[in-house]
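Enquirer:
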Amino acid sequence: MEKNRSNGGEHVNPAYDANLDEPPMYDETVFGNGDHRTVRPSVVSAFGHDTLDRVPNVDFYRNKGSVSGHRAVRPSLQELHDVFQRNGAVSVPDTVQDDGEGSMVTPCDDLESAVPIKDTKGAIKFGWIRGVLVRCMLNIWGVMLFIRLSWVFGQAGWGLGIVVIVLSCVVTIITCLSMSAICTNGVVRGGGAYYLISRSLGPEFGGSIGLIFAFANAVAVAMYVVGFAETVRDLLKDYDLLMVDEINDIRIIGCITVVVLLGISVAGMEWEAKAQIVLLVILLVAIVNVFVGTFLSPTDTKKSQGFFGYNSKIFLENFPPAFRDGETFFTVFSIFFPAATGILAGANISGDLRDAQRAIPKGTLLAIVITGVTYLGVAMCVSATVVRDATGNSNDTIATGMPCNFSSACDLGYDFSSCAETECKYGLMNNFQVMTMVSGFGPLIIAGTFSATLSSALASLVSAPKVFQALCKDNIYKILHFFAKGVGKNDEPIRGYVLTFIISVAFILIGDLNAIAPIISNFFLASYALINFSCFHASYAKSPGWRPAYKYYNMWLSLLGAVLCCVVMFVINWWAALLTYVIEILLFIYVTVKKPDVNWGSSTQAVTFVSAVSNALSLSGVDDHVKNFRPQLLVLTGTPRTRPALLDLAHSLSKTYGLCLTCEVFVGPRSEALEEMNSGMERNQLWLRKQKRKAFYAAVACEEFREGTNSLLQASGLGRMKPNTLMVGFKRNWRTAGIEGVQSYVGILHDAFDFEYGAVMLRMDEGLDVSHIVEAEDEMLKAEKEQRSLDKEMMRSAGKPKGLLRKSRNSSQQVLTTRVSVCAPPPAQVAKRNEELVVASMQFKKKQPKGTIDVWWLFDDGGLTLLLPYILTTRKKWKDCKLRIFIAGQPGQTEKDKQEMKSLLQKFRINCSDITVIDDIHIQPRPDSLRKLEDMIEPFCLREGSKDYAEAEAMKKEHPWKITDEELSSFEEKTNLQVRLNEVLQENSKSANLIIVSMPIARKGAVSDFLYMAWLDILTKDLPPTLLIRGNHKSVLTFYS
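Number 882 in our numbering belongs to position 883 of the sequence shown; there are no gaps in the numbering.
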């Protein structure tokens, strides 16, 4: 074989395609299923010969609307499997670009994948340092570092103080490990914590936490800005420069600050990032300033305020806790922990990161370590240099010979014993400005405080709109979709910025943020708890799709992290924790009820599947018991839309408590039937879900209808969860359906009994099949859609040459003609019949009026004939219907038979309004009733009785399906019984809402199919909706406990 080689387009093998070396050229092609795809001409594959198969390529695995590249569609299995037989030649599609419409076979309900492709050229993307590390460090290094850290270590001592910091870091590190696992399990888009939780646990959890997380960030902006404003207000107060008063100055400064921060944010992420770098530099200088200051010799003033430089006695004295004013370890921990809640600052802008999967784990974990070490370093330095209490009075030195045991300050020449009696203003316990005193240059600490508050406020101001925009894009709360729109190449959420600004200003103007602060902290902790639980849940589900690139996590450690977060929520504030849970539960319920049309492959789905398999296996190891019997229905509806009455009644029987399979048999050549069947599987199941019908759709393709039903009867279900009752509609057209149609229909009932199924048959005089109406509606909708499309095309073509306009108008006229022919009103008689059929088909969808369900329990079939109507009376739609029981009795024993039945029903604990004994069923039916039956079966009777033996045998051989005179004679009594039963049904149950009658059974090989159909027809003729029921003669009722 001659080898293929490429040299700049030059080739030796004629089969070689030069396009392989150049950017591919695509042509527009229409495939058999109607998809418009751009396909590449036939190419020589990597295997050296033409083939439809394609080598693995990342583009095949993208979501529709992928921001990182075009989605490609590999050749379908049908194209690979059928193309040679159909075309006799190879047409080789290469990587094909999706048309954006989704497949007809599998509807794409993933909103994430529907994001339109935008031009992201020039968009600002950050690496792990600027995007994650810097933001997280700035958010974690808050005002706590400069104002409250010394107080925390004064109260708890540096022994327990270390425990406070380490415990906080443990919670955040576990959360970071869980977050790292989740964000490395696939491409991470914008939305931060909301995106991670929603894609892992589903829209119910994600939607609830996303809203409160975005709100928490918006209010956090106000908190940080108020902290900044208070510091500025104190400076103005020191210099007597207050503008109005203390409260209003905070409001004025706060509003001005938010406006400036909003301007920086709206200017773009690049400007915001630059501002963060400037703030980081200031903050780092302030921190270094603290360390430097501890090594400088203290002045007398600083000594009087408790700062003596490094001293082992001070260090040892500050080791044990000294809780005061009702403080405990937990209250001190609750005050410090909010300082550690900035770990999501980088994840919240995940959509603006170059490589979120690498940046988030690396940047967040390093930020936690750096800030944790910084907090410990600063706290230990202060604990080794500053005493807990000091007066600030330079004259409080120890006179010669004066005793002093108050603190280690005594050994350093100062007596602060007065602090035991009166409250002092200095020292670790009393002075929040210890860092300013200790530092080498005090104003730098004020600058650091400004930097800490403004950087945190800026990070929250960016995070809230980004998270909120991601939530709105998913359209979980439809009313909020207005805020999904972004602006510019970075898709900036300008509307979200404005909303965050309004919320921030509102809370700044309201004032008291101390009350709302615990709630905000709990909102953040709830997010952390769900991130940890998401990691645990995904690991526990053991889904093959859970393959995080980050391996340094443990599912049980994640569960511990989730529990710790929940505990810390109550430690910080119990009522705020309860309020957080209540809000989250309410939002969870709302999203669950609304059922957003998204599918993200969450771990909740995976666990549900694992649980279902586990439960099914558990059931298979337990023998069936009569007390747990419930009807599991296999309903031959065809396409579910075409027999709504049958489906609605089946749904009433099974509801969510039993199995209901709506089944369809595609009859015809397998190649044609398979294509139709595959295209309808997902569509029909989706229709059932939208109609809130708790049922499964199943279909088979066979050459014959009975063969397909046979397959369904034998193979449907899983373990104990398999059908036990066949439900069909009555074949109204049996007299015109042909021999094969009737034999197939009756044969299905025989097969059901052979497989020990119960059988249920619904008869409605108006009929059940509305397929012709459904098809007409579909054609009308299709024609209207085509008309609208052509109208739009004509409007776009308004300024084009006349020839094109003429073509469009002709096409439009053709569609209009088609639409008129499809939608033309049918004849009056047909229209009336269709109207009655539509009304009847909706009968079981609505609540039933007050009335009765008449149960004609003529034969003991194990109790199914009695159980099904009882189940109906337990449903809301049927609760106003009372059961009436009719039984056959012997003349003269009516009362005895009635009492026996009443006793039996009492043992079964089934209530009924009346029991009627029919003791005249055995009498001969009226002549006019018999004449109806004779007219019904006359076309199918052989009438061989008047012929000689040879001729009669020849007739039987030629028409074996016909009803013979011998058969009529043998089953005369049973035939008359069906006629008589119809008469008594007409007399007693004509006004019932639903009639239930024991189904007669035809013995195989003895009763012909047409005679059996005549029995069923005459029995249920001219009656309200009637159910014929026959159990499999195994008990489904018991009176034992």
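Ideal Cβ placement from N, Cα and C applies to all residues, glycine included.
Remember, predicted model here, so these are calculated numbers, not experimental data.
Can you give me the C-alpha to C-alpha distance between G1004 and Y656, rounded to a whole angstrom?
Expert: What you label residue 1004 is simply residue 1005 of the sequence shown in a count that begins at 1. What you label residue 656 is simply residue 657 of the sequence shown in a count that begins at 1. Each residue's Cα considered, the two are about 38 Å apart.
Enquirer: Going by alpha carbons, who is nearest to K721 out of K484, Y756, L282?
Expert: Within the sequence shown, the letter at position 722 stands for residue 721. Of the candidates K484, Y756, L282, the one whose C-alpha sits nearest the C-alpha of K721 is Y756.
Enquirer: My output table needs one value for V289: the three-state DSSP class, helix, strand or coil.
Expert: Numbered from 1 along the sequence shown, position 290 holds the residue referred to as residue 289. Residue state, collapsed to three classes: helix.
Enquirer: Between Y476 and L748, what straight-line distance do the alpha-carbon atoms span, to the nearest angstrom?
Expert: On the sequence shown, residue 476 is found 477 positions in, with the first residue counted as 1. On the sequence shown, residue 748 is found 749 positions in, with the first residue counted as 1. Looking at the two C-alpha atoms, the distance is approximately 49 Å.
Enquirer: Take S520 as the anchor and find which of F214, L871, N1031, D927 has the nearest alpha-carbon.
Expert: Position 521 of the sequence shown holds residue 520. Closest by alpha carbon: F214.
Enquirer: Can you tell me the Cα-Cα spacing of L711 and R629, whole angstroms?
Expert: Counting from one through the sequence shown, the residue named residue 711 turns up at place 712. Counting from one through the sequence shown, the residue named residue 629 turns up at place 630. Distance between the alpha carbons of L711 and R629 is about 19 Å.
Enquirer: Return the first residue and the last residue of the beta strand (DSSP E) that V1035 is part of.
Expert: Residue 1035 sits at position 1036 when you count from the first residue of the sequence shown. No beta strand (DSSP E) contains V1035, which DSSP labels as neither H nor E.
Enquirer: Relative to the ligand FMN, is the shortest distance from any of its heavy atoms to the C-beta of T421 smaller than 6 Å?
Expert: With respect to the ligand FMN, the structure shown offers nothing to examine, as it has no ligands at all.
Enquirer: Which same chain residues, not among the five before or five after I173, have their C-beta less than 8 Å away from its C-beta?
Expert: Position 174 of the sequence shown, counted from the start, is the residue given in the question as residue 173. Once the five neighbours on either side are set aside, the close Cβ partners of I173 are N531, L556, S557, L559, G560, L563.
Enquirer: At which residues does the beta strand (DSSP E) containing C168 begin and terminate?
Expert: Here residue 168 refers to the residue found at position 169 of the sequence shown. From DSSP, C168 is part of no beta strand (DSSP E) but of the alpha helix (DSSP H) over 148 to 182.
Enquirer: Which residues bound the alpha helix (DSSP H) around W856?
Expert: Residue 856 sits at position 857 when you count from the first residue of the sequence shown. That residue, W856, is in no alpha helix (DSSP H); it is neither H nor E in DSSP.
Enquirer: Tell me which same chain residues have a C-beta within less than 8 Å of the C-beta of E422, skipping the five on either side of it?
Expert: In the sequence shown, the residue the question calls residue 422 occupies position 423. Only N429 meet the Cβ criterion.
Enquirer: My output table needs one value for C403: the three-state DSSP class, helix, strand or coil.
Expert: As a position in the sequence shown, residue 403 is number 404, starting the count at 1. Coil at C403, not helix or strand.
Enquirer: Could you give the distance in angstroms between the alpha-carbon of G362 and the alpha-carbon of I246?
Expert: Numbered from its first residue, the sequence shown carries residue 362 at position 363. Numbered from its first residue, the sequence shown carries residue 246 at position 247. Cα-Cα distance, rounded: 39 Å.
Enquirer: Closer than 6 Å by C-beta to K801: which residues in its own chain qualify, once you throw out the five before and the five after it? Chain order, please.
Expert: Here residue 801 refers to the residue found at position 802 when the sequence shown is read from its first residue. Confidence is the limiting factor: at K801 the pLDDT is only 45, short of 50, which leaves the residue's position unreliable and the question unanswerable from this model.
Enquirer: Taking the beta carbon of T1037 as the centre, do at least 16 other beta carbons fall within 10 Å, making it buried, or is it exposed?
Expert: Counted from its first residue, the sequence shown places residue 1037 at position 1038. With fewer than 16 Cβ atoms within 10 Å of its Cβ, T1037 is classed as exposed.
Enquirer: Going by the DSSP bridge assignment, what does A757 pair with across the sheet?
Expert: The residue given as residue 757 occupies position 758 in the sequence shown. This sequence places Gly at residue 757; Ala is not what is there. G757 pairs with T724.
Enquirer: Can you have a look at N184 and say buried or exposed, based on whether 16 or more other CB atoms are within 10 angstroms of its CB?
Expert: Your numbering for residue 184 matches position 185 in the sequence shown. Buried, by the Cβ-count rule.
Enquirer: Can you check whether the C-beta of L278 is within less than 7 Å of a C-beta belonging to chain C?
Expert: The chain inventory of the structure shown lacks chain C, comprising one protein chain alone.
Enquirer: Between V72, I445, Q356, F500, which lies nearest to I263 when the distance is taken from Cα to Cα?
Expert: For the purposes of this step, residue 263 is taken as the residue at position 264 of the sequence shown. It is F500 whose Cα lies nearest to the Cα of I263.
Enquirer: Which same chain residues, not among the five before or five after I146, have their C-beta less than 8 Å away from its C-beta?
Expert: On the sequence shown, residue 146 is found 147 positions in, with the first residue counted as 1. These residues qualify, in order along the chain: F431, Q432, M434, T448.
Enquirer: Thinking N288 and G439 are a contact (beta carbons under 8 Å), I'd like their distance in whole angstroms, please.
Expert: Start at 1 with the first residue of the sequence shown, and residue 288 comes out as number 289. Start at 1 with the first residue of the sequence shown, and residue 439 comes out as number 440. Right, their Cβ atoms sit about 5 Å apart.
Enquirer: Taking the alpha carbon of L235 as the point to measure from, which residue in M222, Y223, I249 has its own alpha carbon closest?
Expert: Your numbering for residue 235 matches position 236 in the sequence shown. Answer by Cα proximity: I249.
Enquirer: Which residue marks the beginning of the alpha helix (DSSP H) containing F729, and which one marks its end?
Expert: Walking along the sequence shown from the start, residue 729 turns up at place 730. Run containing F729: none; DSSP gives neither H nor E here.
Enquirer: Could you tell me the distance, in whole angstroms, from the CA atom of G160 to the CA atom of L457?
Expert: Residue 160 sits at position 161 when you count from the first residue of the sequence shown. Residue 457 sits at position 458 when you count from the first residue of the sequence shown. The alpha-carbon atoms of G160 and L457 are separated by roughly 29 Å.
Enquirer: Quick check on the DSSP output: what are the complete beta strand (DSSP E) runs of length 3 or more inside the region 941 to 1004, in order along the chain?
Expert: Listed in chain order, they are 993 to 997.
Enquirer: For P1024, does the count of other Cβ atoms within 10 angstroms reach 16, so buried, or fall short, so exposed?
Expert: Along the sequence shown, read from residue 1 onward, the residue named residue 1024 stands at position 1025. Looking at its Cβ environment, which holds 16 or more other Cβ atoms inside 10 Å, P1024 is buried.
Enquirer: Measuring CB atoms only, is the region 899 to 907 touching the region 922 to 935, in the sense that at least three cross pairs come out at less than 8 Å?
Expert: Contact fails: fewer than three Cβ-Cβ distances are below 8 Å.
Enquirer: Please report the Cβ distance between V1035 and G862, rounded to the nearest whole angstrom; I am assuming they are in contact, meaning their Cβ atoms lie under 8 Å.
Expert: Here the question's residue 1035 lines up with position 1036 in the sequence shown. Here the question's residue 862 lines up with position 863 in the sequence shown. Sure, about 5 Å apart at Cβ, within 8 Å.
Enquirer: Quick check on V612: buried or exposed, where buried means 16 or more other Cβ atoms within 10 Å of its Cβ?
Expert: Translated into the one-based positions of the sequence shown, residue 612 becomes position 613. It counts as exposed.
Enquirer: Can you tell which of R925, G292, L967, A991 has its C-alpha closest to the C-alpha of G944?
Expert: Position 945 of the sequence shown holds residue 944. Measuring from the Cα of G944, the nearest candidate turns out to be L967.
Enquirer: Straight-line CA distance for P868 to I852?
Expert: The residue labelled residue 868 in the question sits at position 869 within the sequence shown. The residue labelled residue 852 in the question sits at position 853 within the sequence shown. Looking at the two C-alpha atoms, the distance is approximately 7 Å.
Enquirer: Starting from the Cα of R1002, find the closest Cα among V72, Q356, V916, V745 and give me that residue.
Expert: Taking the first residue of the sequence shown as 1, we reach residue 1002 at position 1003. Selected option, being the one with the closest Cα: V745.
Enquirer: In angstroms with no decimal places, state the Cα-to-Cα distance between H650 and E792.
Expert: For the purposes of this step, residue 650 is identified with residue 651 of the sequence shown, where counting begins at 1. For the purposes of this step, residue 792 is identified with residue 793 of the sequence shown, where counting begins at 1. C-alpha separation (whole angstroms): 45 Å.
Enquirer: On the three-state DSSP scale, how would you describe L132?
Expert: The count along the sequence shown starts at 1 and reaches residue 132 at position 133. DSSP places L132 in helix when its eight states are reduced to three.
Enquirer: In chain order, what residues of the same chain have a beta carbon less than 7 Å from the beta carbon of V284, not counting five sequence neighbours either side?
Expert: In the sequence shown, the residue the question calls residue 284 occupies position 285. Excluding positions up to five away in sequence, the list reads L443.
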